[in-house]
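With UniProt numbering, the residue at position 67 of the sequence shown is 67, and numbering never jumps.
For every residue, glycine included, the Cβ atom is placed at its ideal position computed from N, Cα and C.
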Amino acid sequence: MQAFELKQNIQFFQSSRDRGLKIVMASLVGLEGSSYRKPGVRMLIAEDHSMCGALSGGCVEKDIVESAQTVFKTGVSKVISYDGRYRLGCEGFLYILIEPFMPSEKDATSILAQIDQRNPIVVKSVYKEGTSITGNYHSTFFLKSEQTPIAINTLKHSETSTFTYFKQTISPAHQLVIIGAEHDTGPVCTNAALLGWDVSIISSLKNPKSAQHFPTAKNVLAETPETVNFDFIDPYTSVLIMTHNYAQDLKYLLKLKAYSLSYVGVLGSKKRKARLESDLLEHDSEWDASFFERLYSPAGIHIGAVTPQEIAVSIISEILQVTRTQKTTKTSSFSKPFIS
């Protein structure tokens, strides 16, 4: 489960609760074989059959809603299993925990605060594998290194080896820092926000931009390489430089030297990248070789992108590929536009 999905779930819970509806949470806690989503994904279901999220591409949701009705009536959790090997959808065997979801308003607000503050959240679920087994199964949320447990229902269990435990750490949303605020920044910001990423845009002091220009961004700042403070960069951050100004690109790269980033993308050609690397070494000879290994220019994978929207897709795809620890390849028969 991604942080933005949890945020959507909590907001759905608050809205449904305000309308006087009971809510249950369905969690994929076990899997044998393959499935559209992996264990840890969760969805909420309200009494009126409205939903937030999904555990599959559409294979199991109808069955989950039907199974949830007994949880609404009894207030007792249950585990259902779904064998997709003999159906046309998911080909795995799924264990799904369905339980009442009723955190206090204070706890719901605390979870949202943890997400916005970019802190990891740990979720532990206890259940018993089987088919339509009911019991005191439940999930607990732990905030700030598990020091503040949040019980989402009142069900408890006695410690026994017959229970199965599923633990998941929900990492902060991926953060993309875009340096540059020209017209081509918009499509990149929009695509990143669609994936649930936190986007911060740094415009120039000479031509400052506001949130009105980039409504899907979390932050829009006006800075220079000399004034910018990158202390908000964390291990879940990527940087994309698209100032269309060589001198500015060079200064920002020099500033980023102090930070460990898995991805730093720069618009421009391979020739321009070579010049940047040469000038960086001329300004400062003490560089960690890994920095240049994490420098991606031309930014984006080769998909034959031409328009700003297509180029944005290629860049976001490359960032996703790199941050998911899969090596990118820059060789292609396509001719890729180079933008400086």
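Point to revise | Nearest-angstrom Cβ-Cβ length linking Ser-204 and Thr-224, presumed shorter than 8 Å | key: 7 Å
Point to revise | Nonlocal neighbours in the same chain, by C-beta distance under 8 Å from Lys-273, ignoring five residues either side | key: Val-266, Leu-295, Ser-297, Pro-298
Exercise for review: Taking only runs that begin and end inside the UniProt domain "XdhC Rossmann" (176-319), name each unbroken beta strand (DSSP E) of 3 or more residues, in chain order.
Suggested key: 198-204, 219-223, 237-241, 264-266
**Study point:** Cα-Cα separation between Ser-285 and Gln-321, rounded to whole angstroms
**Key:** 30 Å
Point to revise | Identified DSSP bridge partners for Lys-73 | key: Note: Lys-73 sits in no beta bridge, so no partner.
Check your understanding: Can you find at least 3 beta carbon pairs, one from the stretch 108-126 and one from the stretch 160-176, that sit closer than 8 Å?
Key -> yes
Point to revise | Selection from Glu-129, Lys-22, Thr-134, Ile-201 that minimises the alpha carbon distance to Phe-232 | key: Ile-201
Check your understanding: By a C-beta neighbour count over all protein chains shown, 10 Å radius and 16 as the cutoff for buried, is Gln-117 buried or exposed?
Key -> Flag for Gln-117 reads exposed.
**Study point:** 7 Å Cβ shell around Glu-277 - same chain, five flanking residues per side excluded
**Key:** Closer than 7 Å at the Cβ level, and outside the excluded window around Glu-277, lie Phe-292.
Point to revise | Inter-residue spacing [alpha-carbon to alpha-carbon] between Val-29 and Ile-179 | key: Going from the Cα of Val-29 to the Cα of Ile-179 covers about 40 Å.
Exercise for review: Name the two residues that bound the continuous beta strand (DSSP E) containing Ser-125.
Suggested key: 121-127
Exercise for review: Specify the secondary structure class of Ala-173 as computed by DSSP and reduced to three states.
Suggested key: It is coil, neither helix nor strand.
Review point. When the Cα of Ser-27 is compared with those of Arg-17, Ile-64, Asp-107, Ile-150, which residue comes out closest?
Key: Ile-64
Review point. Can you find a CB in chain B that lies within less than 8 Å of the CB of Ile-150?
Key: You won't find chain B in this structure, because it holds only one protein chain.
Exercise for review: Work out the CA separation of Asn-136 and Glu-159 for me, nearest whole Å.
Suggested key: Its pLDDT being 49, under 50, Glu-159 is placed unreliably by the model, and the measurement read from it follows with that caveat. Their Cα atoms are separated by approximately 11 Å.
Check your understanding: Using the C-alpha atoms, what's the distance from Ala-181 back to Thr-216?
Key -> 13 Å
Point to revise | Ile-45 versus Val-71, Val-264, Phe-163, Ala-211, residue with shortest Cα-Cα distance | key: Val-71
Exercise for review: State the Cα-Cα distance for the pair Ala-3 and Asn-119, rounded to the nearest angstrom.
Suggested key: 10 Å
Exercise for review: For the alpha helix (DSSP H) holding Arg-17, just list the boundary residues, first then last.
Suggested key: 3-18
Review point. Buried or exposed: where does Thr-331 fall if 16 or more other Cβ atoms within 10 Å of its Cβ makes it buried?
Key: The pLDDT assigned to Thr-331 is 38, lower than 50, so where the model puts this residue is not dependable; a value taken from the coordinates is nonetheless given after this. Exposed is the call here.
**Study point:** Residue nearest to Lys-73 in terms of C-alpha spacing, selected from Leu-240, Gln-11, Ile-23
**Key:** Comparing Cα positions, the closest option is Ile-23.
Check your understanding: Applying the criterion that 16 or more other CB atoms from any shown protein chain within 10 Å of the CB defines a buried residue, is Val-41 buried or exposed?
Key -> buried
Point to revise | Contacts around Ser-314, its chain only, beta-carbon distance under 7 Å, and the 5 residues preceding and following it disregarded | key: Gly-300, Ile-301, Ile-303, Ala-305
Check your understanding: Quick one: Cα of Ile-80 to Cα of Glu-32, how far?
Key -> 14 Å
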